[in-house]
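The block underneath contains the structure these notes are about, expressed in structure tokens.
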Amino acid sequence: MSTRNEELAALLHQMAVMLEILEDNDYRARAYARAAGVVEKLQEDVCAVAARGELETLPGIGKTLARNITTWCKQGTFQDFEKVKIRFPEGLLDLIKIPGLGPKKIKVLYRALGITSLGELEYACLENRLIDIKGFGLKTQEKILKGIDHLKQFARFRLSSEAYALAEGFQRILRAELPSEVEIYLVGGLRRFQEIASDMDFLVICEDINFLKRLEDRKIISNLKEISRNHIMLSFDGFHVDLFRSRVKNNAAPILFYTGSKTHVEKLIARAEKLGLKITNEGFLKEESFLETPTEESCYDLLGLPYIPPELRESGEEVEFAEKGQLPQLITEKDIRGLFHIHTVASDGVMDLERVIHEAIARGYEYIGIADHSQSAYYARGLTPDRLQAQYKEIVEMRRKYPQVDIYWGIESDILPDGSLDFPPEILERFDFVIGSVHSHFNMSKAEMTDRLIKALENPYLTILGHPTGRLLLGRPPYELSMEKLLEKAAERGKIIELNAHPHRLDLDWRWCRKAREMKIPVSINPDAHKPHDFDISYGVMTARKGWLEPRNVWNSLNREEMRLVMSRKPWRGA
DNA sequence: GCCGTTTTCGGCCCGACTGTTTTCAGTCG
20 MSTRNEELAA LLHQMAVMLE ILEDNDYRAR AYARAAGVVE KLQEDVCAVA ARGELETLPG
80 IGKTLARNIT TWCKQGTFQD FEKVKIRFPE GLLDLIKIPG LGPKKIKVLY RALGITSLGE
140 LEYACLENRL IDIKGFGLKT QEKILKGIDH LKQFARFRLS SEAYALAEGF QRILRAELPS
200 EVEIYLVGGL RRFQEIASDM DFLVICEDIN FLKRLEDRKI ISNLKEISRN HIMLSFDGFH
260 VDLFRSRVKN NAAPILFYTG SKTHVEKLIA RAEKLGLKIT NEGFLKEESF LETPTEESCY
320 DLLGLPYIPP ELRESGEEVE FAEKGQLPQL ITEKDIRGLF HIHTVASDGV MDLERVIHEA
380 IARGYEYIGI ADHSQSAYYA RGLTPDRLQA QYKEIVEMRR KYPQVDIYWG IESDILPDGS
440 LDFPPEILER FDFVIGSVHS HFNMSKAEMT DRLIKALENP YLTILGHPTG RLLLGRPPYE
500 LSMEKLLEKA AERGKIIELN AHPHRLDLDW RWCRKAREMK IPVSINPDAH KPHDFDISYG
560 VMTARKGWLE PRNVWNSLNR EEMRLVMSRK PWRGA
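Numbered by my numbering, the letters in the first sequence go through residues 20 to 594 in order.
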């Protein structure tokens with residue numbers, strides 16, 4: 020599936036939302052939504068199908084959609100879309116981000132109150148204008164206000180994946196603009212791999228900063244502000260940028276200084292003092308003269324410390340570990356030998372089983388674990404027992420066809436509100452592994468949710484606890500639970516905890532990874548893959564690194580033979 | 001807008017929860 024399919028799917032989806040709000044025929048909207056899903060799941064390039072004139076053979080795509088898609092392939096848009104877009108107030112789409120507001124309610128707000136943006140909606144709420152509308156009330160109004168507040172609070176934040184993409188784009192532009200000898204470095208929290216970012220920091224080593232004015236004139240950047248001689252603020256693509264400047268070439272001290280964290284640097288400064296050294300944002304000084312610090316390694320070397328990777332530079336504790344020579348040997352992507360938690364078209368993935376296998380082989384993995392949704396996850400076409408049987412047959416066939424990779428058969432089983440898994444033991448027993456995940460009933464009390472998950476961990480068939488906190492970064496807060504109690508139970512029962520590598524989740528949080536490591540609970544870095552791109556687990560690995568994890572702490576760093584052995588013994592089932 | 005026929009139009013994915021109602025519509029996973 021190409022990105023072109025994703026692009027078209029996004030456009031069709033937007034069309035569906037706009038139609039649902041503007042028009043009264045929901046089914047026209049639904050047809051576009053359905054088509055979006057079909058295009059997204061399509062295994063080949065949609066425009067190749069269009070070129071063959073075979074679009075109408077796809078389910079949910081008739082004459083009109085076939086014509087529109089064909090036009091889109093040639094022109095990047097189609098007339099029906101443009102017509103609707105002209106009639107649709109731009110700011111209205113933002114409203115869908117507010118929890119509890121769907122197309123129906125937005126339609127009412129638009130028609131009854133003429134609301135077309137978040138700002139207008141907030142104002143209407145503050146004037147109590149929502150409570151009189153049919154279907155709305157005080158609670159809804161308060162919930163909306165809370166949602167707007169939440170959005171505003173997080174509006175300046177980006178997922179790390181998005182922030183890195185922006186940082187790369189910004190660096191590319193600077194490189195094109197600047198003479199080749201100018202050095203540009205990403206520093207700050209983003210370099211230390213925080214899971215969400217409110218800004219990005221760069222260090223530029225150069226004399227002349229007039230290039231920034233030129234970029235502002237060309238509207239590539241905006242809000243240019245000189246805070247001090249060596250600190251400039253600006254906006255790039257709506258994202259806040261702090262640009263620090265240094266003039267000394269081949270000097271890594273400012274890189275270290277601006278990468279932080281503040282606590283980390285303070286610890287280094289304190290250590291330097293004891294050694295008769297001084298650290299500033301300009302360099303390392305001994306008796307008022309600068310020392311050579313061409314690399315960060317040389318900086319740490321002057322302090323008698325081994326190199327500390329940026330992602331570890333947080334609380335300052337890492338400096339003490341470095342002093343004792345006890346820094347972790349951090350996991351790398353190369354250490355990951357196989358992937359679990361992969362969805363296929365059998366539930367809500369877009370890849371068929373064979374496509375998944377090709378992807379895994381192409382990426383050099385030694386084993387994979389298929390885990391589609393279970394029967395309760397109706398919205399995700401969760402597998403029923405009879406469909407499981409069909410999948411098993413397919414797995415057996417693929418094992419024969421692709422002996423170069425080990426294929427494990429698993430399930431992502433819903434953890435039901437009472438803590439039970441979604442299939443009886445006689446079915447669960449047949450899987451090589453079982454991931455248990457919460458997908459519904461999030462609003463339980465802390466005690467209830469903890470009990471629910473503990474009961475799931477007590478189930479002998481559960482192998483991995485999936486996305487343990489359920490958080491969606493910048494989207495949904497984690498559910499209330501006692502992570503300490505969960506980890507204790509996991510340790511007691513030999514269970515594995517997932518580190519969901521999806522950039523929206525990164526769950527287990529890196530702060531808990533360290534705890535899991537201390538408790539010797541294996542962490543599995545899982546892609547939760549629904550499409551080929553999701554096989555990229557780099558953000559999961561970075562989270563693991565930030566959580567001090569070493570290869571020995573990570574379950575899927577086991578090699579093929581080691582994994583075979585574990586799978587044959589299934590220690591999580593107990594004695 | 002699509003589909004499957006009862007060929008020319010009516011029906012179109014589940015279930016729990018919430019907040020609104022006073023029996024249900026909208027949202028969410």
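From the three backbone atoms N, C-alpha and C, an ideal C-beta is built for every residue, glycine too.
> For Pro198, is the classification buried or exposed, using 16 other Cβ atoms within 10 angstroms of its Cβ as the cut-off for buried?
Replying inline: Flag for Pro198 reads exposed.
> Per the contact definition of three or more C-beta pairs closer than 8 Å, is the region 519-533 in contact with the region 335-346?
Replying inline: Taking a cut-off of 8 Å on C-beta distances, the region 335-346 does not touch the region 519-533, as fewer than three cross pairs fall below it.
>> Going by beta-carbon coordinates alone, are Ile355 and Val375 separated by less than 9 Å?
In response: Annotated as distal: Ile355 and Val375, with beta-carbon spacing of 9 Å or more.
> So, is Gly593 buried or exposed, given that buried needs 16 or more other C-beta atoms within 10 angstroms?
Replying inline: It is exposed - the Cβ of Gly593 has fewer than 16 other Cβ atoms within 10 Å.
>> Helix, strand or coil for His392? Go by DSSP, reduced to three states.
In response: In this structure, His392 counts as strand in the three-state DSSP scheme.
> DSSP puts Asp470 in a beta bridge; with which residues?
Replying inline: Answer by DSSP bridge pairing: none, since Asp470 is not bridged.
>> Within 10 Å of its beta-carbon, does Leu74 have 16 or more other beta-carbons around it, so buried, or fewer, so exposed?
In response: Leu74 is buried by the Cβ-count criterion.
> In the DSSP assignment, what residue or residues form a beta bridge with Gly357?
Replying inline: The partner list for Gly357 (beta bridge, DSSP) reads Tyr386.
> In terms of residue numbering, what span does the alpha helix (DSSP H) encompassing Asp168 cover?
Replying inline: Leu157 to Ala174 is the span of the alpha helix (DSSP H), which, as asked, contains Asp168.
> Glu431 and Lys465 look like a contact to me (Cβ under 8 Å); what is the Cβ gap, rounded to whole Å?
Replying inline: For Glu431 against Lys465, the beta-carbon gap comes to about 24 Å, at or over 8 Å, which does not count as contact.
> Cα separation between Met538 and Glu196?
Replying inline: Those two C-alpha atoms are separated by around 50 Å.
> So is Phe461 buried or exposed if we call it buried at 16+ other beta carbons inside 10 Å?
Replying inline: Phe461 should be labelled exposed.
> In terms of residue numbering, what span does the alpha helix (DSSP H) encompassing Trp531 cover?
Replying inline: It spans Trp529 to Glu537 - the alpha helix (DSSP H) in which Trp531 sits, taken as one unbroken run.
> Using the rule of at least 16 other Cβ atoms within 10 Å of the residue's Cβ for burial, across every protein chain shown, is Pro487 buried or exposed?
Replying inline: Answer is buried; the Cβ neighbour count reaches 16.
> In terms of alpha-carbon separation, which member of Tyr46, Met34, Pro479 and Gly279 lies closest to Leu440?
Replying inline: From the listed residues Tyr46, Met34, Pro479 and Gly279, the smallest Cα separation to Leu440 is found for Pro479.
>> According to DSSP, simplified to helix, strand and coil, what is Met252?
In response: The answer is strand: DSSP assigns Met252 an E or B state.
> Since Leu296 and Leu321 are thought to touch, with beta carbons under 8 Å apart, how far apart are those beta carbons, to the nearest angstrom?
Replying inline: Yes, they are in contact, since the Cβ atoms of Leu296 and Leu321 sit about 7 Å apart, within 8 Å.
> Which first and last residues belong to the beta strand (DSSP E) in which Asp219 is found?
Replying inline: One detail in the question is off: residue 219 reads as Met in this sequence, not Asp. Met219 to Ile224 is the extent of the beta strand (DSSP E) around Met219.
> With distances taken from CA atoms, which of Glu315, Pro122, Ile274 and Asn242 is nearest Asn44?
Replying inline: Measuring from the Cα of Asn44, the nearest candidate turns out to be Pro122.
> Can you list the alpha helix (DSSP H) stretches of 4 or more residues lying completely in the region 312-356, in chain order?
Replying inline: Correct list: 315-321 and 336-342.
> What are the boundary residues of the beta strand (DSSP E) that includes Phe258?
Replying inline: Taken as a continuous stretch (DSSP letters only), the beta strand (DSSP E) holding Phe258 covers Phe258 to Ser265.
> At which residue ranges does the region 422-462 contain complete beta strand (DSSP E) runs of 3 or more residues, listed in the order of the chain?
Replying inline: Given a length threshold of 3 residues, each whole run of the beta strand (DSSP E) inside the region 422-462 is given here in chain order: 425-433 and 452-456.
> So which of Arg211, Glu214, Met252 and Tyr51 has the shortest CA-CA distance to Val628?
Replying inline: The displayed coordinates of the chain run from 20 to 594. Any statement about residue 628 would go beyond what the structure contains.
>> I'd like the span of the beta strand (DSSP E) that includes Val542, first residue to last.
In response: Per DSSP, the continuous beta strand (DSSP E) segment holding Val542 begins and ends at Val542 to Asn545.
> What are the start and end residues of each continuous beta strand (DSSP E) run of 3 or more residues lying completely inside the region 485-526, in chain order?
Replying inline: Runs of the beta strand (DSSP E) lying entirely within the region 485-526, each at least 3 residues long, are 515-519 in chain order.
>> Is the separation between the beta-carbon of Lys116 and that of Leu170 shorter than 9 Å?
In response: Yes; because the gap between Cβ atoms is below 9 Å, this pair is in contact.
>> Considering only their Cβ atoms, is the gap separating Val127 from Ile152 smaller than 9 Å?
In response: Yes. Within cutoff.
> What's the gap between the Cα of Lys60 and the Cα of Asp371?
Replying inline: Whole-angstrom Cα-Cα distance: 9 Å.
> What residues in its chain sit with their C-beta under 6 Å from that of Asp113, if we drop five residues either side in the sequence?
Replying inline: Apart from sequence neighbours up to five positions away, the residues of its chain that approach Asp113 with a beta-carbon distance below 6 Å are Leu137, ordered along the chain.
> So is Lys281 buried or exposed if we call it buried at 16+ other beta carbons inside 10 Å?
Replying inline: Within a 10 Å sphere around the beta-carbon of Lys281 sit fewer than 16 other beta-carbons, which makes this residue exposed.
> Using 8 Å as the Cβ pair cut-off and three pairs as the minimum, do the region 219-226 and the region 328-344 touch?
Replying inline: Cβ pair count under 8 Å is below three, so no.
>> Tell me the rounded alpha-carbon separation between Pro496 and Leu31.
In response: Taking the straight line from one Cα to the other gives about 29 Å.
> From Arg264 to Arg175, what distance separates their C-alpha atoms?
Replying inline: Arg264 and Arg175: Cα-Cα distance of roughly 24 Å.
>> On a Cα-Cα basis, can you pick out the residue from Ala28, Ile80 and Glu337 that is closest to Gly95?
In response: Closest option to Gly95, Cα to Cα, is Ala28.
> Using DSSP with H/G/I as helix, E/B as strand and the rest coil, what is Leu243?
Replying inline: Correct three-state label for Leu243: strand.
> Is it true that the CB of Asn519 sits closer than 9 Å to the CB of Gly494?
Replying inline: No, the Cβ-Cβ distance between Gly494 and Asn519 is not below 9 Å.
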